[in-house]
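Student: I'd like to ask some things about the structure below.
Number of protein chains: 2
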Amino acid sequence: MARTTDGDGTPVPQRLLAAATRLFAERGYDRTSVQEIVEAAGVTKGALYHYFGSKDDLLHEVYARVLRVQQERLDAFANADEPIEKRLRGAAADVVVTTIENLDDAMIFFRSMHHLSPEKNKQVRAERRRYHERFRALIEEGQESGVFSKATPADLVVDYHFGSVHHLSTWYRPDGPMGPQEVADHLADLLLRALRP
Amino acid sequence: MARTTDGDGTPVPQRLLAAATRLFAERGYDRTSVQEIVEAAGVTKGALYHYFGSKDDLLHEVYARVLRVQQERLDAFANADEPIEKRLRGAAADVVVTTIENLDDAMIFFRSMHHLSPEKNKQVRAERRRYHERFRALIEEGQESGVFSKATPADLVVDYHFGSVHHLSTWYRPDGPMGPQEVADHLADLLLRALRP
DNA sequence: CTGGACAGACTAACCGGTCGGTATGTATCA
DNA sequence: TGATACATACCGACCGGTTAGTCTGTCCAG
């Protein structure tokens, strides 16, 4: 039997990543010791430093995973064969749902970026910008075609919406009165209503 | 001459608070050592622990200051003798301006809450709720009188707006193309437009 | 001479990361 | 088939460095 799956069926690197994600979201990056991560994953430090170069690397992996997923989902909605209104609404609501379904990731994303090393921070920022720009392009397209109001610069509208997404990890509770889809519909509504000409 | 004002005219406790605010915003709470704070303030650890019980206390003071100022300003706008639309717009825009003018505070506020001790965290949350509820009351008032749409629960609208305020510290740059008032007007516009019946 | 306002040396606890070592799996060849 | 050789996966003691907080002492105002 391969050592990689001792204990349960999940490979060690993924177990470490999962444990780190949970702990980083729970206590923050600096308050989580490498020792705690490896204990939660049921291995020792040797294993962690066998698969990851540093604690920082672990955090970076979390970011990479989130960014990849979000960008893929946005592209799918943005490139669909639908009227612009529907595409924007779909993308805006979807990012809310996936954020709620991965609140830990969101928490880490917005709270721990400054813990990344400068190069990795730069890399993450660059990918974030790609995401931001794809979203902005959607809004601009609607503005050009007269479906959305031009009163507010598209850039600002993007930040307005992502502010609310960002904020979710602060106030949303899974045991609260609203489900993910419900919140998503409301937030997408607010965005679309704000954009009415 | 009192030792409290050695060096410049500012009393030591305020110098410590100012230094801590800047450093916490710059590097984060955990990455800022007590030694760095006292050096930036031109004193030693003896002085810090003479005035503050702990590093945590220092952070708490930053929160208390921000909360007090924001609550006062909100109350002023909310209780003014104006139509509800104007009062909400005024409050919504004002919080944006003051947030931009104290970006360090905002950065710390949303990034470092989880570093507070449980009791202090609870205390801060309670005050935050008061603020949130005053703002929500404004929106509900407008909804009741038919000036604002009832399509979205008032609670969610509040979180929507404060999401964008929260987000400011992430993207706003003082040397960017927009001034504080300009951004504030746009964001208040978006809120009011989203609330149109 | 008393007490507040500090200075600064000190401590005990961690923490990230390293490193030598071991166990297991796999490829090669006689 | 069985032995040899090497690679991969991991263990856990250990190290250098840092940190929040303490404690004793000094100095000056009133």
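Protein sequence lines correspond, in order, to chains A and B.
Just add 198 to wherever you are in the first sequence, counting from 1, and you've got our numbering.
Just add 198 to wherever you are in the second sequence, counting from 1, and you've got our numbering.
Even for Gly, the Cβ is constructed at its ideal location relative to N, Cα and C.
If you're wondering where the values come from, they're calculated on a predicted model, not measured in any experiment.
With 16 other CB atoms within 10 Å as the buried threshold, where does residue 398 of chain A fall?
Tutor: The shown model of chain A, from 199 to 395, leaves out residue 398 of chain A, and the question about it has no answer.
Student: Is residue 350 of chain B close to chain A, meaning its C-beta is less than 8 Å from at least one C-beta of that chain?
Tutor: In the second sequence, counting from the first residue as 1, residue 350 of chain B sits at position 152. Yes - at least one Cβ of chain A is within 8 Å of the one on residue 350 of chain B.
Student: Residue 228 of chain B touches chain A at which residues, Cβ-Cβ below 9 Å?
Tutor: Reading the second sequence from its first residue, position 30 is the one you call residue 228 of chain B. The contacting residues are 226, 227, 228, 229, 313.
Student: Kindly list, in the order they appear in chain B, the residues whose Cβ is closer than 7 Å to that of residue 215 of chain A.
Tutor: On the first sequence, residue 215 of chain A is found 17 positions in, with the first residue counted as 1. Near residue 215 of chain A there are no residues of chain B at all, since even the closest Cβ is about 21 Å away, more than 7 Å.
Student: Using CA atoms only, rank isn't needed, just tell me which of A/359, A/253, A/380, A/257 is closest to residue 302 of chain A.
Tutor: To locate residue 302 of chain A, count along the first sequence from 1; it is residue 104. Cα-wise, what sits closest to residue 302 of chain A is A/257.
Student: If the cut is a Cβ gap below 9 Å, which residues of chain B does residue 373 of chain A touch?
Tutor: In the first sequence, counting from the first residue as 1, residue 373 of chain A sits at position 175. What residue 373 of chain A touches in chain B: nothing, since even the nearest Cβ is about 16 Å away.
Student: Out of curiosity, what's the CA-to-CA distance linking residue 385 of chain B and residue 242 of chain B?
Tutor: In the second sequence, residue 385 of chain B corresponds to position 187, counting from 1. In the second sequence, residue 242 of chain B corresponds to position 44, counting from 1. Their Cα atoms are separated by approximately 43 Å.
Student: Between the segment 233-261 of chain A and chain B, which residues of the former have a C-beta closer than 9 Å to a C-beta of the latter?
Tutor: Within the segment 233-261 of chain A, no residue qualifies.
Student: Check whether chain B comes within 8 Å of residue 302 of chain A, counting only Cβ atoms and requiring the distance to be less than that.
Tutor: For the purposes of this step, residue 302 of chain A is identified with residue 104 of the first sequence, where counting begins at 1. By this cut-off, residue 302 of chain A is not an interface position.
Student: Have a look at B/213, B/223, B/210 and flag the residue whose alpha-carbon is nearest the alpha-carbon of residue 368 of chain B.
Tutor: Walking along the second sequence from the start, residue 368 of chain B turns up at place 170. If we check each option's Cα against that of residue 368 of chain B, B/223 comes out closest.
Student: Per DSSP, what kind of secondary structure is residue 379 of chain B in: helix, strand or coil?
Tutor: Mapped onto the second sequence, residue 379 of chain B falls at position 181. If DSSP states are grouped into helix, strand and coil, residue 379 of chain B belongs with the helices.
Student: Whole-angstrom Cβ separation of residue 289 of chain A and residue 276 of chain A, contact assumed at under 8 Å?
Tutor: In the first sequence, the residue the question calls residue 289 of chain A occupies position 91. In the first sequence, the residue the question calls residue 276 of chain A occupies position 78. Confirmed, about 6 Å.
Student: Runs of 4 residues minimum, wholly inside the segment 291-355 of chain B: which ones carry the alpha helix (DSSP H) assignment?
Tutor: Fully enclosed alpha helix (DSSP H) runs of 4 or longer: 301-309, 316-342.
Student: In its own chain, which residues sit with a C-beta less than 6 Å from the C-beta of residue 393 of chain B, not counting the 5 before and 5 after it?
Tutor: Residue mapping note: residue 393 of chain B aligns to position 195 of the second sequence, counting from 1. Same-chain partners within the cutoff: 346, 347.
Student: Quick one: residues in its chain with C-beta nearer than 7 Å to the C-beta of residue 338 of chain B, no 5 flanking neighbours on either side, listed in chain order?
Tutor: Your numbering for residue 338 of chain B matches position 140 in the second sequence. Cβ within range, chain order: 352.
Student: Cβ of residue 387 of chain B less than 8 Å from any chain A Cβ?
Tutor: On the second sequence, position 189 is the one that residue 387 of chain B refers to. Yes - at least one Cβ of chain A is within 8 Å of the one on residue 387 of chain B.
Student: Taking 8 Å as the CB-CB cut-off, is residue 340 of chain B touching chain A?
Tutor: In the second sequence, counting from the first residue as 1, residue 340 of chain B sits at position 142. Chain A, which has no Cβ nearer than 8 Å to the Cβ of residue 340 of chain B, makes this no.
Student: I'd like to know if residue 361 of chain A contacts chain B, where contact means its C-beta is closer than 8 Å to some C-beta of that chain.
Tutor: Sequence index remark: in the first sequence, residue 361 of chain A carries index 163 (1-based). Closer than 8 Å to some Cβ of chain B, the Cβ of residue 361 of chain A qualifies, so yes.
Student: Rounded to the nearest angstrom, how far is the Cβ of residue 214 of chain B from that of residue 249 of chain B, given a contact under 8 Å?
Tutor: Counted from its first residue, the second sequence places residue 214 of chain B at position 16. Counted from its first residue, the second sequence places residue 249 of chain B at position 51. Right, the Cβ-Cβ distance comes to about 7 Å (below 8 Å), so this counts as a contact.
Student: So the candidates are A/267, A/281, A/211; which of them puts its Cα closest to the Cα of residue 341 of chain A?
Tutor: Here residue 341 of chain A refers to the residue found at position 143 of the first sequence. Nearest C-alpha to residue 341 of chain A: A/281.
Student: Within the same chain, show all residues whose beta-carbon is closer than 6 Å to that of residue 321 of chain A, passing over the 5 residues directly before and after it, in chain order.
Tutor: Against the first sequence, residue 321 of chain A aligns to sequence position 123. Here the set comprises nothing.
Student: Rounded to whole angstroms, what is the Cα-Cα separation between residue 219 of chain B and residue 212 of chain B?
Tutor: As a first step, residue 219 of chain B is located in the second sequence; it is residue number 21 there, counting from the start. As a first step, residue 212 of chain B is located in the second sequence; it is residue number 14 there, counting from the start. The alpha-carbon atoms of residue 219 of chain B and residue 212 of chain B are separated by roughly 10 Å.
Student: At which residues does the alpha helix (DSSP H) containing residue 370 of chain A begin and terminate?
Tutor: The residue given as residue 370 of chain A occupies position 172 in the first sequence. Taken as a continuous stretch (DSSP letters only), residue 370 of chain A belongs to no alpha helix (DSSP H), as it is neither H nor E.
Student: Would you identify the three-state DSSP class for residue 288 of chain A, choosing helix, strand or coil?
Tutor: Residue 288 of chain A sits at position 90 when you count from the first residue of the first sequence. Note: residue 288 of chain A maps to helix in three-state DSSP.
Student: Check whether the Cβ atoms of residue 308 of chain B and residue 359 of chain B lie closer than 8 Å to each other.
Tutor: In the second sequence, the residue the question calls residue 308 of chain B occupies position 110. In the second sequence, the residue the question calls residue 359 of chain B occupies position 161. No, these two residues do not count as a Cβ contact at 8 Å.
Student: Cα-Cα, which of B/216, B/371, B/375 is closest to residue 297 of chain B?
Tutor: On the second sequence, residue 297 of chain B is found 99 positions in, with the first residue counted as 1. Of the listed residues, the one whose Cα sits closest to residue 297 of chain B is B/371.
Student: Ends of the alpha helix (DSSP H) at residue 274 of chain A?
Tutor: Here the question's residue 274 of chain A lines up with position 76 in the first sequence. Per DSSP, residue 274 of chain A belongs to the alpha helix (DSSP H) from 253-276.
Student: What did DSSP end up calling residue 358 of chain B once you bin it into helix, strand or coil?
Tutor: Within the second sequence, the letter at position 160 stands for residue 358 of chain B. Note: residue 358 of chain B maps to helix in three-state DSSP.
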